[in-house]
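Using this note's numbering, read the sequence shown as starting at 1169 and increasing by one per residue.
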Amino acid sequence: MKLNGARILCESLMREGVDTIFGYPGGVVIPLYDVFPEYPSLRHILVRHEQAAGHAAEGYARATGKVGVCLATSGPGATNLVTAIADAHMDSTPIVAITGQVPTTGIGRDFFQEIDTTGITLPITKHNYLVRNVADLARTIKEAFYIASTGRPGPVLVDIPKDVIVSETLFKYPDTIDLPGYKPTTVGNMRQVRQAISVIKEAKRPLILAGHGVIVSRAYDELKQFAEQAQIPVMVTLHGIGSYPCSNPLYFGMIGMHGHAHTNLAIQEADLIIGVGMRFDDRVTGKLSTFAPKAKVIHIDIDPAEISKNIKCTVPIVGDIKTVLTSLNNELPRFEHREWMDQIEAWRADRREPHVTIDDSAPIPSTMPIKEIYKRTREPAIIVADVGQHQMWAAQEFPYDNPATFISSGGLGTMGFCLPAAMGAKVARPEATVWAVAGDGGFQMTMQELATLVESRINVKIAIINNGGLGMVRQWQDLFYDKNYVAVKMYQPDFVKLCSAYDIPAKNIERPRDVGAAVDWALATPGPVLINFEVQREENVFPMIPPGLGLGDMVEGSQPKTLQLT
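In structure tokens form, the structure reads like this:
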């Protein structure tokens, strides 16, 4: 059957199980949009900015594990996708970004809206393609989805010139993939697995640090069995939240720059660190030379490039997390580390917040809306956080028992991520209650997507944690720049009136007594809803590792305080 490139693309996407495309039309992709009505099972969601299409595809992928798809035209359409593609690259999110390109005869001649899209995205994609012949298009799409979703997931870009979109060829979708240079290692070396078990046997104060790789691999049961069999405390990275149930007695919380104090102290006292699907990035380790000074390190990851990249490991195991943990569980004896767990629990108890009576005449405490959202939202629920102070509070305060229920921008730290990513998560998981938890700064970067929520009937609940400016920047200026506040206060629209323009119900909440009722109102109101919580203006996120220092230099409160290590 002969088809043009546009129809070949649609047929190929359908064979890959795609049901949603987040996109924005433009000159060279109009022939593609022309055939979309022929494929009603491919839902196209029209965003208001291409960056939002990329973040929505990320949210879709993070909520399901499936490949998210975004689409843009050439030139500025493609460059507007770059931030989202980079974000997906840093956070190992499987997306396929499809961009239009000027005709092949015009490439290199500065035609209207020509840009070297593959050149620009080469450092921030797992792989990218410029399709010069329509006969290669179906195979390219097959390869793109395979590469994006296997091994360490990531973004793949497919750039398609206009003449390829309109040219015809015989369509046959390939059944197999032949990529001789791409062979991800999935099965861990058994010699190294047994070496790891030998090291675990000797440890008195071991810790498991679980990262995003556990969620990517869907290795929740295997991690739970591993931790319970060896009776090893579990701590998580920001992206590892949800990889282990918070209600489990072995779970102790988040690590790193804004991790819980007792977890960071435990890392510094541990004699063994087992890194599972995490990359020991700087927000976890602080100053590399002072990280876990007493510990041997077992590092399990599917990407060999991550092994010993930041922290030198004692035992490396390259492989899929689910597969490697299964191998470990099959040979691991049962252990007890009761004294060690009691010590961590004592550190946690020492820092447990006392009950505080909230003054209703004072502004809303910054964490209160997040706590009320947790208390009042029935499962299944997904929290999509933007970047800043509220992101850390959402990570610290919301007890995540279920996997893939906390979504945020980690490695790139992209403000504006939250609203479009929540949109993608809700489209992917329509049965879940999806909360977009944003700061007033980040929300204003992509708030035009309110129109997309209404037009496409996407029921996202929005909570703005509004402290009147760029809270995390202000915190750094407060603590490290002698309170020299520059460019942190921000003029804001009236968010309720803004929502009125979009026909979205909204409320301003200024007093603590109204927070819970507002959350109940949002949950009971059909369709998208926004609550603007006016919270304390100068509240800081603690604990905090000062920049350039180690976990042992953690500040626990507004008065600089360093943990004293034994």
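Beta carbons are placed, not taken as given, at the ideal position from N, Cα and C, and that holds for glycine.
In this structure, the CA atom of Thr1273 is about 20 angstroms from the CA atom of Gly1245. Beyond the five residues adjoining it in sequence on each side, Gln1399 comes within less than 7 angstroms, by CB distance, of Phe1503, Glu1504 and His1505 in the same chain, given in chain order. In the displayed model, Pro1244 falls within a helix according to three-state DSSP. Collapsing the DSSP output to three states places Gly1607 in a strand. Contact annotation, Tyr1388 with Ser1411: C-beta distance approximately 7 angstroms; criterion of less than 8 angstroms satisfied. Taken in chain order, the complete beta strand (DSSP E) segments of 3 residues or longer contained in the segment 1332–1374 are 1336–1338. Fewer than three pairs of CB atoms, one per stretch, sit closer than 8 angstroms, so the segment 1415–1429 makes no contact with the segment 1701–1708. Distance from Asn1432 to Leu1719 at the Cβ level is roughly 4 angstroms; contact confirmed, criterion being Cβ atoms closer than 8 angstroms. Ile1345 and Lys1310 have their C-alpha atoms roughly 7 angstroms apart.
Take Ile1512, set aside five residues on each side of it, and the residues of its chain with a beta-carbon closer than 7 angstroms to its own are Pro1401, Phe1420, His1430 and Ala1434, in chain order.
Per DSSP, the continuous beta strand (DSSP E) segment holding Thr1188 begins and ends at Thr1188 to Gly1191. Within the same chain, Cβ atoms closer than 6 angstroms to the Cβ of Ile1176 are found at Leu1305, Ala1306 and Phe1339, the five residues on either side in sequence being excluded. Within the segment 1409–1487, the complete beta strand (DSSP E) segments of 3 residues or longer fall at 1419–1422, 1440–1444, 1464–1469 and 1483–1486, listed in chain order.
Its chain contains Arg1216 and Tyr1670 as the residues whose beta carbon lies nearer than 8 angstroms to that of Ala1619, once the 5 sequence neighbours on both sides are disregarded; these appear in chain order. Val1552 sits close to Val1605, with the two beta carbons spaced by under 8 angstroms. Beyond the five residues adjoining it in sequence on each side, Met1509 comes within less than 7 angstroms, by CB distance, of Pro1401 in the same chain, given in chain order. Membership of Val1641 in the alpha helix (DSSP H) is indicated by the continuous run Gly1639 to Phe1648.
Contact between Ala1371 and Asp1439 holds, with the beta-carbon distance rounding to 5 angstroms and staying under 8 angstroms. Straight across, the Cα-Cα distance linking Lys1234 with Ala1596 is about 9 angstroms.
Runs of the beta strand (DSSP E) lying entirely within the segment 1583–1628, each at least 3 residues long, are 1601–1607 in chain order.
Excluding five sequence positions before and after His1257, the CB atoms of its chain that fall closer than 6 angstroms to its own CB belong to Ile1292, Gly1322 and Pro1323, given in chain order. Shown here for Pro1711: same chain residues with a beta carbon closer than 6 angstroms to its own, the five before and five after excluded, namely Ala1429, Met1722 and Glu1724 in chain order. Apart from the 5 residues on each side of it in sequence, Tyr1207 sits with its Cβ closer than 6 angstroms to the Cβ of Cys1178 in its chain, given in chain order.
In this structure, Asp1327 keeps its C-beta atom at 8 angstroms or more from the C-beta atom of Leu1347. Residue pairing of Cys1238 in beta bridges, as defined by DSSP: Phe1190 and Ala1265. Going by DSSP, Asn1498 is part of the alpha helix (DSSP H) stretching over Ile1489 to Glu1499. Between Pro1661 and the set Asp1646, Met1613 and Ala1562, the nearest pair of CA atoms involves Met1613. In this chain, the alpha helix (DSSP H) harbouring Glu1311 covers Leu1305 to Ser1317. Here the C-alpha atom of Val1483 lies approximately 12 angstroms from the C-alpha atom of Met1358. The beta carbon of Arg1183 is closer than 6 angstroms to those of Tyr1341 in its chain, skipping five residues each way along the sequence. Here His1523 is exposed. Its C-beta has fewer than 16 other C-beta atoms within 10 Å. Thr1525 is classed as exposed because its beta carbon has fewer than 16 other beta carbons within 10 Å across all chains shown.
In the three-state scheme derived from DSSP, where H, G and I count as helix and E and B as strand, Leu1290 is classed as helix. Shown here for Tyr1568: same chain residues with a beta carbon closer than 6 angstroms to its own, the five before and five after excluded, namely Ile1409, Gly1410, Cys1414 and Phe1574 in chain order. In summary, Lys1594 is buried, with 16 or more beta-carbon neighbours lying within 10 Å of its beta-carbon over all protein chains present. In the three-state DSSP reduction, Met1560 falls in the helix class (H, G or I).
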